[in-house]
Every structure is written in C-alpha cells, then in structure tokens.
Amino acid sequence: MASGEWNEPRASTTGNDDTRATRSDRRERQAASPAPGDDSADGDSAVEWVELDLEAGTGIRTATDGVDVVVHAASDPRGDHEAVDVDGTRRLLDAAAALDVEHFLYVSIVGIDDIPYSYYEHKLEAERAVEDSRVPSTVVRSTQFFPFVASILATVRRLPVWPLPTDFRLQPVDVGEAADAVVEHVEPPAAGRAPDVGGPAVHTGRELAEAYREACGLRRPVVRLPLPGEAAAAFRTGAATCPDRAVGTRTWREWLDGQDGVPGADAY
2 MASGEWNEPR ASTTGNDDTR ATRSDRRERQ AASPAPGDDS ADGDSAVEWV ELDLEAGTGI
62 RTATDGVDVV VHAASDPRGD HEAVDVDGTR RLLDAAAALD VEHFLYVSIV GIDDIPYSYY
122 EHKLEAERAV EDSRVPSTVV RSTQFFPFVA SILATVRRLP VWPLPTDFRL QPVDVGEAAD
182 AVVEHVEPPA AGRAPDVGGP AVHTGRELAE AYREACGLRR PVVRLPLPGE AAAAFRTGAA
242 TCPDRAVGTR TWREWLDGQD GVPGADAY
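Residue numbering for the sequence shown follows this note's numbering, beginning at 2 and increasing consecutively.
This is the structure:
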C-alpha cells in the first residue's frame, strides 16, 4: 500500500495513523512523502519510505510502481492547496491509471460540498477527479480531528479574553479512530463514496473551548466572535458534522485528558 504525499499537518497526522493501522494486514506497506515521517524510523521494517512531492510532481511514478492500493491522505490547506490537492491528485491518479493500480482510496472532509471555502472547494474538485478517474476508487470523508481543534484554540490561549465562533457546530474525532475507519476500506473492491466518519458528539465552539480551557487550567472568559459570510453560516448550521455517522468513541474531554501540556496538542 502506498500513501499520497503526507506533507502537511492534517495529512501527515492521518497518513501516519493510516500506516500504523494497516500493520496487522499481510500487505507490504510503503509510505510516500517529501521527507521521511515517524513511520519510516520507528523500527517497522515492513514500511518502506519513498520520496514523493505532489506539488512538484516528482517521485510519483516511482511511488506507485508495483503498488496495488494507493491511500491518498495528502493536503496543503495553508499553502498552495490547488497545486497539491487538485493538480497533485490528478498527477497521482494519472500514474495510478498508467500502472494499473487496483484501488485508489482518498481521504477527504465532511461537508465540503456545503461550505463555500476555497480550500474545501479544491478538496471537492480533487474528489471529483478521483471519481472521474478510470482507477477503481473510494472516497472517505472525516470530520475535523481533535488536534486541529486544539491547534485553533491554542492561538487564543494567551489572550485575557477568548474571542471565538462559539456558535459553530463541530464533531471532532480522534485521529486513530478515524484512521481505523479509513483502513476498513483499503482492500478492493472500490466502494465509491463510503460512509462518513465522525466523532462521538456534536459540540458548539463554546463547549469545545470551555473543555480546552479547563484542561489548560485557565479561567479566561470565552466570548462570541461573530463571523460573517456563507462559510461561517454553514459551520453554524452544522454542515461540517455527520451526527448519524458517530463512528468515534473517544470524547473531546477524554482526548484532552490524555494530552501532556495540551496547548497545541502537538499536531501542527
């Protein structure tokens, strides 16, 4: 199994956990990224690392040659996400098609077709490229990960007052549990659009912030930051959630309790 380029925090977090989650199967595993990640150096000789850069278009054919299944968890929300998420995905699909890869598994985000935000629009464009490819494919969407939420809250932790979109509705999930759900779809046959993956509960931004504040041992007041626009409105109405697909069991508070020092939760 090969992954896509794991070169940004969210993708590398997911990608590393996807690799770990497949260790009980009988396939040889290959991790591909611009530089070695944790899995290439943790003593697991069954995981081979190869260099691949989706944005530059280098190493793609080498990474996919002889591979049966591609798990593509790459993304670049903070950089040129069109170059990585759209163009890079198309390059990877072209290579997979040319080399007769059996299955292409793409990891995406819940709600991207209902939230008008440029990064999400590019993720949706990548999904459509996957679906239109002649390579048999599966798309699995996940809600936001716990470390992502913690990293956002960490940006305000030193302020005397925390201005946050307290009325946003999110359903964060444990990264490991999301990876386990993704890996269930690794083996062919392709499933097309697979069921979404969400955390155990839908929370308001206020609920998430207050639990984080408690875990940090702080008493800062949390105040509502009104955000305009259609994207913010979509988050307020729960477009980024999938309450009927509460796959995860680890709660936000349980996850926070397990994080030493908490602030950014070491994800970013």
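Ideal Cβ placement from N, Cα and C applies to all residues, glycine included. Quick caveat, the model's predicted, so the values are computed rather than measured.
- If you draw a straight line from the Cα of valine 70 to the Cα of alanine 130, it is about 17 Å long.
- In this structure alanine 96 touches arginine 62 by the C-beta definition: roughly 5 Å separates them, less than 8 Å.
- An exposed status is given to glycine 262, since fewer than 16 other beta-carbon atoms sit within 10 Å of its beta-carbon.
- Proline 222 is not a Cβ neighbour of glycine 200, given a cutoff of 7 Å.
- Note on geometry: alpha-carbon atoms of alanine 99 and alanine 216 lie some 50 Å from one another.
- Residues Val70, Pro137, Pro189 and Ala191 of the same chain have their beta carbon placed closer than 6 Å to that of histidine 104, with the five preceding and five following residues left out of the count.
- In the structure shown, the three-state DSSP call for leucine 171 is strand.
- Note on glycine 193: under 16 other CB atoms within 10 angstroms of its CB, so exposed under the neighbour-count rule.
- Burial state of threonine 139 is buried, judged by a 10 Å Cβ sphere holding 16 or more other Cβ atoms.
- By the 16-neighbour rule on beta-carbons within 10 angstroms, valine 224 is exposed.
- According to the DSSP secondary-structure assignment, isoleucine 110 is paired through a beta bridge with Ser143.
- Counting other Cβ atoms within 10 Å of its Cβ, glutamate 178 reaches 16 or more and is therefore classed as buried.
- Taking a C-beta distance under 7 Å as the contact criterion, leucine 160 and glycine 206 do not qualify as a contact pair.
- Residue pairing by DSSP places phenylalanine 105 opposite Val71 and Ser138 in a beta bridge.
- Of the candidates Val102, His204 and Val183, Val183 places its Cα closest to the Cα of alanine 195.
- Membership of arginine 225 in the beta strand (DSSP E) is indicated by the continuous run 223–225.
- At the C-beta level, histidine 123 and valine 87 come within 7 Å of one another.
- In this structure, the straight-line span from the alpha carbon of alanine 241 to that of phenylalanine 149 is close to 14 Å.
- Distance between isoleucine 153 and glutamine 260, taken at the CA atoms: about 16 Å.
- Ranked by Cα distance from proline 229, the options Val198, Pro117, Asp81 and Arg142 are led by Pro117.
- When Gly80, Arg79 and Ala75 are compared, the shortest CA-CA separation from arginine 92 is found for Ala75.
- Along the segment 185–249, the alpha helix (DSSP H) occurs as fully enclosed runs of 4 or more residues at 206–216 and 231–237, listed in sequence order.
- Counting other Cβ atoms within 10 Å of its Cβ, alanine 180 reaches 16 or more and is therefore classed as buried.
- Distance from the CA of threonine 252 to the CA of phenylalanine 169, rounded to the nearest whole angstrom, comes to 18 Å.
- Apart from sequence neighbours up to five positions away, the residues of its chain that approach valine 203 with a beta-carbon distance below 6 Å are Arg170, Gln172, Thr242 and Pro244, ordered along the chain.
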